[in-house]
Structure formats: structure tokens, C-alpha cells
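Read through the structure below, which is laid out as C-alpha cells, and then see the notes.
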Amino acid sequence: MASNFLIKIFKLEYYFDKPYEDLQLPYSDLLGRAYMRLPIIRCFGTSPSGQKLCAHIHGVLPYLYIEDKTFG
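In the UniProt record's numbering, the protein residues as written are 1 to 72.
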């Protein structure tokens, strides 16, 4: 049974780490080799009930970063 998870995002970060075989595929058909490091997104925010949380989001591929200088 699928359920929705809502988060009001205050901050997003990312980092690269070795793949976890139980969470991510360690091999890329596109590259034809194993991944050495994969992107992991870290999301800080609050739930609808006000609980603070930090979510580590794995498996976000293809990874693309575009900087938007219109904010901040």
C-alpha cells in the first residue's frame, strides 16, 4: 500500500558516496561499468504536524545540478 509523505523543505544539500548494494544498483548500463560514487540528496524540513526531519534520498538518477542565481 503506497502512502504520500509530505515535507516542507527548508534546505537541500547533496553529497556523493559509495553505492549501497541493498539500496542502489552499483552498475551502470549507460556507462558500462560500476558506479564509484552516487549522488544522495539530503532534505531538511518539517512534516505537516511540525516535526523536524532530515531525509537522505537515494537513487536519484540521472543526476543533474543547475544553479539558479535568481534566489538568495
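Glycine is no exception: its CB is placed at the ideal position from the N, C-alpha and C atoms.
- Task: Confirm, please, whether the CB-CB distance from D17 to I41 is below 9 Å.
- Result: Numbered from 1 along the sequence shown, position 41 holds the residue referred to as residue 41. Numbered from 1 along the sequence shown, position 17 holds the residue referred to as residue 17. No, the Cβ-Cβ distance between I41 and D17 is not below 9 Å.
- Message: Quick check on DSSP: helix, strand or coil for I40?
- Response: As a working mapping, residue 40 is identified with position 40 in the sequence shown. Reduced to three states, the DSSP call for I40 is strand.
- Task: Out of F44, Y27, S47, Q51, point me to the one whose CA is closest to L38's CA.
- Result: One-based indexing of the sequence shown puts residue 38 at position 38. The shortest Cα separation from L38 among F44, Y27, S47, Q51 belongs to Y27.
- Message: Tell me which residue opens and which closes the beta strand (DSSP E) that L12 is part of.
- Response: Indexing the sequence shown from 1 puts residue 12 at position 12. It spans 8-17 - the beta strand (DSSP E) in which L12 sits, taken as one unbroken run.
- Task: Report the three-state DSSP secondary structure of Y27 (helix, strand or coil).
- Result: Counting from 1 along the sequence shown, the entry for residue 27 is found at position 27. DSSP places Y27 in strand when its eight states are reduced to three.
- Specify the secondary structure class of T46 as computed by DSSP and reduced to three states. Translated into positions along the sequence shown, residue 46 becomes position 46. In this structure, T46 counts as strand in the three-state DSSP scheme.
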